[in-house]
Amino acid sequence: MNMKTSTADIRGIATLPLLLTAAAIILLFLLPKFVTSTYALHIMILIFISVIMGSAWNILGGYTGQYSVGHAAYFGVGAYTTKILLQYRHIAPWYGVWAGVAAAVATGLVIGSICFRIRGPYFVLASIAVAEIFRVSALNLPGLTNGAEGILITEVPPFKIGNTVITDFMSKVPFYYIGLVIAIAVILATRLVQNSKLGYYFQAIREDQDAAHSLGINLTLYKNAALAISAVFTSLAGSLYGLYVGFIDPGTVLDLGLSVQIVMTCIIGGIGTILGPMIGAVVLVPFSEALRSNMIAQALIDSGLVKEDSPLGTFLKEQLSHAHVLIYGILLVVVILFMPDGILGFIRKLFASKRKETA
Amino acid sequence: MALLEIRRVSKFFGGLAANSDISFEVRQGMIMGLIGPNGAGKTTLFNCITGYYPPSRGEVVFNDKRMNGLHPDAVCKLGMARTWQKVRPLARMSVVDNVMVGALCRTNSLTKAREMAMEQIKVVRLEQRLDARAGSLPIGERKKLEVARVLATQPKLLLLDEVMGGLNPAESEEIIELILDVGKLGITQMVIEHNMRAIMRVSDRIVVLNSGEKLAEGNPREIVANKAVIQAYLGESDA
Amino acid sequence: MLKIGNLNFSYGDLKVLWDVDLEVQEGEIVTVVGANGAGKSTLLKNISRLVKPGSGSITFNNVDITKCAAHEVVEQGVVQVPEGRKIFPQMTVIENLRMGSFIASARKKRDLNMDRVFTLFPRLKEREKQLGGTMSGGEQQMLAIARGLMADPKLLLLDEPSLGLSPLLVKSIFEIIAEIRKQGVTILLVEQNVFQSLRIADRGYVLETGRVVLKDKGEALLNNEHVKKAYLGL
Amino acid sequence: MKKLVALLLAVMFVLPAVALAGTVKLGFINSITGPEAPIGENLTNGVTLAIEDLKAKGIDVDLIKEDDTGKPDKSLAAFEKLATRDNVVGIVGPYTSATANADAKLAERYKVPLIVPAASKEEITRQGFKWTFRVSGTTGDYAGVLLDLATTLGKPKTMAILNENTDFGVSGAKSAKEIAQKKGIKVVFEEAYSKGSPDYRSTLAKLKATNPDLVFMVSYVADAILLMRQSREIGLSPMAFLGAGAGFSVAQFAKEKEISNGVFSSTQWTEEAPWAGSKVLFKRYVKQFGKPPTYHAACAYESMMIMGQAAAAAGGDREKTREALTTGKWNGILGEVRFQDYDGYQNQRKAVMLVEQVQNGKHETVWPLKDAVKKPIWPFPGWKK
Amino acid sequence: MIVFFQSLISGILIGGVYALIGIGLTIIFGVMRVINFAHGDILMIGMYLTYFLFTLFHIDPFVSIVITIPLMFLFGAFLQKVFINRALNALPQNQILLTIGIGLVMSNTVMLAFTSDYKILTTTYSSSSVEILGISVSEPLAVSFAITVAITAALYWFLYKTDMGQAIRATAQDREAAQLMGINVKRMSIIAFGIGSALAGTAGALISPTYYIFPQVGSVFTLKAFVITVLGGMGSIVGATLGGVLIGVAESVGGVYIGSGWKDVIVFVLFLLVLLFKPSGLLGTSKD
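Chains as they are written, first to last, in the numbering used here: chain F, 258 to 616; chain E, 87 to 325; chain L, 2 to 235; chain H, 65 to 449; chain C, 8 to 295.
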């Protein structure tokens, strides 16, 4: 489906989507000027991180068909490298981030050489196993990672060019812009991939590995290429998270739950499309935040739909926040059973059937 | 000049010999037919030639280069491309994209690849279906798509595995024409086929396999007259 | 006995069967020939309900089997020996045969039928403890047919029983099929081996790209010019 | 539906919450769900009791509870929301060391007073922060009081340390090692185990082979019970079992008397703690929530009491609240609480630690001797067959 | 040396329970080709069931399996019929996420109902042991090992000697051929999922007296179950039995000589090695 759009794009870039995209980007760049709520910015930063992770995974999982459920490994390697260099070697994150990227790519190539020999469900299990090995190793190598205690940084050193301080990282705004820029970069990268030989080869591998092989596609090379691109951005997301949140430990940045969450962002949005991970992130991050802080219950009560002192109101107020993971689980089950192509696929189908009706 | 030489190739699975001690050569520019009853080891031989299996014994020499141990992608790059008995369209990609994947073997430019792809799509006459999803094509068009896709890799030697399987006589006729056209372009071909009439028409030379062994080799006339072949292939001598 | 009327079937966008009409009378051997991919196996899969039925009717002894589940079709007495044998590889010969008589009606006659298939295929008796997956192609084909017979079928559907077998074996398989018919089992045979299969058939159908293009007596089809050209390469 | 969505967006991004007149608005961050939730529940309950008592004192608290599921990023989001959207005067929480560490940074940035009730990792109050206060004792306090007891009652020469490899376990073990070495006790065995393994027998067998005088363990309750059960199985019988708070000081542990009798554990508060109101609070808690409280509940209770009073006195001003916390002195169920700067700590309460020993299936306060209810049993009497 | 044998023995005993978990998963995978990520959570349900039977009705955990087995069977059959069955033809990654979702729903429902408190089931024999040649053998573990052996034997008998059992194996080996034998494969799937769940539940019951119970306990076992199943060869029951014991021993012995924090790494490295060099598993025979 996406190939079809790309065919059109090469012949002549459609103007309307381009204008809309430009408008959206400009709006996002101006947003911090109008929105002063740091809480809103915080949510936006989390959304950016989620978009970066989802889009990065999408290149490997959505386009190349290699469903890694171990992407926390690259996230964690990025976060740890940057922070270890900052904390123990006093290397500014501006450089450390790239060391993180290099480390994540190197990790990816090692993992790839192991896991890409395996196909299908076994690949999924192998990717989980590798990520778990990373997590447990990080726990058990306190000399390197400070083990279970994790690494806490209190200040990110200011970013300077020459002697001019560009930003001192004291507010959310620099993180907002960094997140936005990386998110745009990963989306741009996805587009570039989609409209290049790489993209064709990735999709060929996804559709049929043997056929792809027979058409002169070096499977190992191209799968690793997809993984490398994916690892670069996942690692950047990890570094950004580490610097922004300030604290990392194996239980947060190398967790299996994180890997699942990355995949979920894509599946819920729509796999193998540029928009999918964005939709997934924009839906999931605020939704889970709203559930966590019990805003849904509060909103229901404030809107007058549910009376606060009614049994339902009390129940919602008391229980709904406890139940957020439960609701998350239910959402997952529902999406997979009833919208296997994600929200994007569901909307497309809806439009397609409407068009048929009117026609 | 021999473009492809099969030298005493054997392939074992467990204890079973799927190919044993097969030798023959395919000369530049010819169309070689490969026939034999089901299970005779034709597809296994294709797999050994194109790098899907390493031969257990013997050598495959293509263009004076020993091919043993090369992977399918390297084999394709060297100019030997195959189709699949059971077609393998890249289902969620369009027809033109499918063929472009083949063409990208020779170029890095999408524009160039698109041109090359269009050329081959014309050869197989699928111009009408450019943007259709490959997975939605009927069987006959899928087979053509597969031929176009391998042609786009610009092979010196094309290996066709039952491209007429499942086609009606009219469609088969189109494929026969296609094979002959491709032959005229100077591309050497090796064709596995069940359709006897077709194989007799297109082949310059035929190798017959039976139970993994080479039973006979010769031009179509010789093969039709060969007692052993009739016995093995048509079932009984009184056919 | 079996009546197929106006059967149409598609795999997704791909239409495989077009208005197929076909009939099998009790006691007959009916052969459906056609090239690889003509829709022969799909036809059998429709009868056995391995796929969701397309439009059209399939009745067996006046029971509409398009409404049955796959296992209920077997309970009606319609048993298929599938293409590629599909032996249970990790089960012994005996276990495979026992599975053949899984349905309640056949379970009662298990011992009787076991004797019957062992007389038909003495080779299986010799190998009764061997795992299905370790047997040769010919033995597997025998086992597949024997397993089908264990279900005590009224109508036996055979999908390409000669596939991948040596000429000698092919010959004996067809002899056995003829023998089975003599024992009172009606047979619907699907084959690429046009010559052998039409020779033992009472009637035959030629299927091309999902359509029935010819139907006639077996011998008559063998002598049909179109059949000769298209399938026998003569 | 549209109305609801619009409202939800409004709630999330735009509307700053309106403060009610006459009340003080406070935040509470806790692990309500997630793996730490069982202990988190104690904190929630403790805070609930504190709110009641504050009300009795005429201080109406508008409390906003936030769940951080034990994860630092979620905790930051919660802090962010409380500090910038809900505009609370002060925040109590979060529970775990990892989340507390993350939130302390934000407290500094947003200048919101934060009282950490129960996290014991030393670093939290060693970063030069002005806005983070800690009621809880540190890991060093836990180990220190136990080794004081051990060296007073006996002459142990060697010690084995077994801890879970979590933030809490590792920092506890680290402090224990430092203090042991200071006191001239040789650490002959150190191992961090992965939480949640059903079988520690082989590890314990290895520990037993080093024949230590003291066995020092840092674990939550489930593993604490498992470790003691399996110690009994393999017949590990040192001079004393020392448990650093947490799992070893929970009633559930004491109830398993076959395996818990004789085990020492350090704690910040007990029913018999020598401070006003301890017994009363204990009873009230049991009555209201149907189970006995841990010291976490008491720490959370006291933290909220302090925050509530300080904030009310400061009239809802954050800076003034901070000043009140820095200079103030409170007397509650944890005895006298002052936030002091010492030994590299800032705004840290010098915790008075207690040691309990399980005797007949009940935690009895045995140390310091002046506050002891029962006499400590020393050395470990061995396993009953 | 004592330390070595001690760890070997406890590894084997724990391994017996692991085997039970692995066999359950392998049967489910064999018949349905679905990787069940909710397996550990099913085990968790079994643990809670055992716990409440013990605390409310004072039924000994080892006796209560008589109740646990049929109840867990029904529960598994229900899960299969209502959820898994709808995704039988879905992409494997979607199936994985579906079962992850089901697992989340299960563990969080339990948490809402019973809080996330650790529940400890203390029997009179929870910490009893007998000493044999200087090695202590945990009594409850030994008993559960014996029960495991008995259940495994009974399962073998069922799968190899009864028509129903053979039909399940047949469905696992070739679903389509099984349909042609008149086997109702949908029913077999339900039964297989039921058996898998019953085995997981039983494993939960058997470790309850020596372990602890909380809503998230399942995740520990889900990952282990995969390793065991792949190690033995997906779908191979003998393999899963062997794999379980092997993992038990590897954890136990590796924990002593490499460090108990590294247990999981040892297990996962073993897992990757098998995937790489013998992808069909130690006892697997499938060609691909």
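Think of the CB as a built atom: it goes at the ideal place given N, C-alpha and C, for glycine as much as any other residue.
Own chain, CB closer than 7 Å to residue i, minus 5 neighbours either side, in chain order
i: E:S297; result: A126
i: L:I201; result: I30, F175, I178, A179
i: H:G218; result: M303, W442, P443
i: F:F608; result: none
Chain-ordered chain C contacts of residue i [CB-CB under 9 Å]
i: L:L51; result: E183, Q186, L187
i: L:F61; result: Those within 9 Å of L:F61 in chain C number zero; the least Cβ separation is about 14 Å.
i: H:G299; result: S136, E138, S143
Nearest residue (CA-CA) to residue i, options the options
i: C:M188; options: L:D22, L:N194, L:V25, L:L150; result: L:L150
i: C:I72; options: C:K88, C:Y55, C:F85, C:Q87; result: C:Y55
i: L:V52; options: C:L282, C:Q186, C:Q13, C:F80; result: C:Q186
i: E:K151; options: E:M166, E:S142, E:Y138, E:E260; result: E:M166
i: C:A210; options: C:F11, C:G18, C:T57, C:I19; result: C:T57
i: F:A483; options: F:L515, F:L589, F:R463; result: F:R463
8 Å Cβ cut-off: residues of chain L touching residue i
i: E:S297; result: S167
Own chain, CB closer than 6 Å to residue i, minus 5 neighbours either side, in chain order
i: C:A232; result: I28, G29, L32, H46
i: C:Y125; result: Y219, F221
i: L:D217; result: none
i: H:F197; result: I179, L389, F403, N411
i: C:T130; result: P216
Nonlocal neighbours in the same chain, by C-beta distance under 8 Å from residue i, ignoring five residues either side
i: E:A325; result: Low confidence applies to E:A325: its pLDDT is 35, below 50, so where it sits in the model is not reliable enough to give any reading.
i: L:V82; result: A145, I146, R148, G149, L157, L158, L159, D160, P162
i: E:K198; result: A189
Under 7 Å from the C-beta of residue i: neighbouring residues of chain F
i: C:N96; result: The contacting residues do not exist; C:N96 stays about 10 Å from chain F at best.
Chain F contact residues for residue i, given Cβ-Cβ distances below 9 Å
i: H:Q21; result: The structure shown does not extend to residue 21 of chain H, since chain H is modelled only from 65 through 449, so no value can be given for it.
Within chain C, the residues that residue i reaches when beta carbons sit closer than 8 Å
i: F:A580; result: N115, L119
i: H:E255; result: G266, S267, G268
i: H:A101; result: M118, T122, S123
Contacts of residue i in chain L (Cβ-Cβ under 9 Å)
i: C:I190; result: A71, H72, V75, M100, F103, I104
i: E:P224; result: D14, L15, K16, T210
Interface residues of chain E facing residue i [CB-CB closer than 9 Å]
i: F:K290; result: Chain E residues near F:K290: none, gap ~40 Å exceeds 9 Å.
If you scan the region 204-264 of chain C from start to end, which runs of the alpha helix (DSSP H) of 4 or more residues do you find wholly inside it? Complete alpha helix (DSSP H) runs here, min 4: 225-239, 244-264.
Meets three-Cβ-pair contact criterion under 8 Å: the region 108-124 of chain H and the region 163-177 of chain H:
Verdict: no, contact absent.
Please determine if the region 329-341 of chain F and the region 476-494 of chain F are in contact, where contact requires at least 3 C-beta pairs separated by less than 8 Å. When C-beta atoms of the region 329-341 of chain F are compared with those of the region 476-494 of chain F, three or more pairs fall below 8 Å, so the two segments count as touching.
Contact between the region 299-314 of chain F and the region 353-370 of chain F (3+ Cβ pairs under 8 Å): No, the region 299-314 of chain F is not in contact with the region 353-370 of chain F.
Residue ranges of each alpha helix (DSSP H) within the region 205-259 of chain E, 4 or longer: Every alpha helix (DSSP H) of 4 residues or more that sits fully in the region 205-259 of chain E is shown, in chain order, as 225-237.
Any 3 or more C-beta pairs closer than 8 Å across the region 180-192 of chain L and the region 4-16 of chain L: Judged by Cβ distances under 8 Å, the region 180-192 of chain L makes no contact with the region 4-16 of chain L, as fewer than three pairs qualify.
4 or more residues per run - each alpha helix (DSSP H) lying fully within the region 107-186 of chain H: Here the runs fully enclosed are 136-144, 161-174.
Which full runs of the alpha helix (DSSP H) of 4+ residues lie inside the region 208-273 of chain H, going along the chain? Counting whole runs of 4 or more residues, the region 208-273 of chain H contains the alpha helix (DSSP H) stretches 231-246, 265-273.
*Could you say if the region 250-269 of chain H and the region 203-218 of chain H meet the contact criterion of at least three C-beta pairs nearer than 8 Å?*
In this structure the region 250-269 of chain H does not touch the region 203-218 of chain H; the number of beta carbon pairs closer than 8 Å is below three.
| Are the region 334-349 of chain F and the region 522-535 of chain F in contact at 8 Å, needing three or more beta carbon pairs? | Touching, no.
Determine, using beta-carbon pairs with one atom in the region 419-427 of chain H and one in the region 220-240 of chain H, whether at least three such pairs fall under 8 Å. The region 419-427 of chain H is not in contact with the region 220-240 of chain H.
Restricting to runs no shorter than 3 residues, where is the beta strand (DSSP E) found entirely within the region 106-182 of chain E? Taking only runs of at least 3 residues, the beta strand (DSSP E) segments lying wholly in the region 106-182 of chain E are 117-121, 143-148, 166-168.
- Item | Those runs of the alpha helix (DSSP H) which lie wholly inside the region 344-422 of chain H and span at least 4 residues | Within the region 344-422 of chain H, the complete alpha helix (DSSP H) runs of at least 4 residues fall at 359-377, 382-391.
Do the region 253-273 of chain C and the region 13-27 of chain C meet, that is, are 3 or more Cβ pairs less than 8 Å apart? With the cut-off at 8 Å, the region 253-273 of chain C and the region 13-27 of chain C touch.
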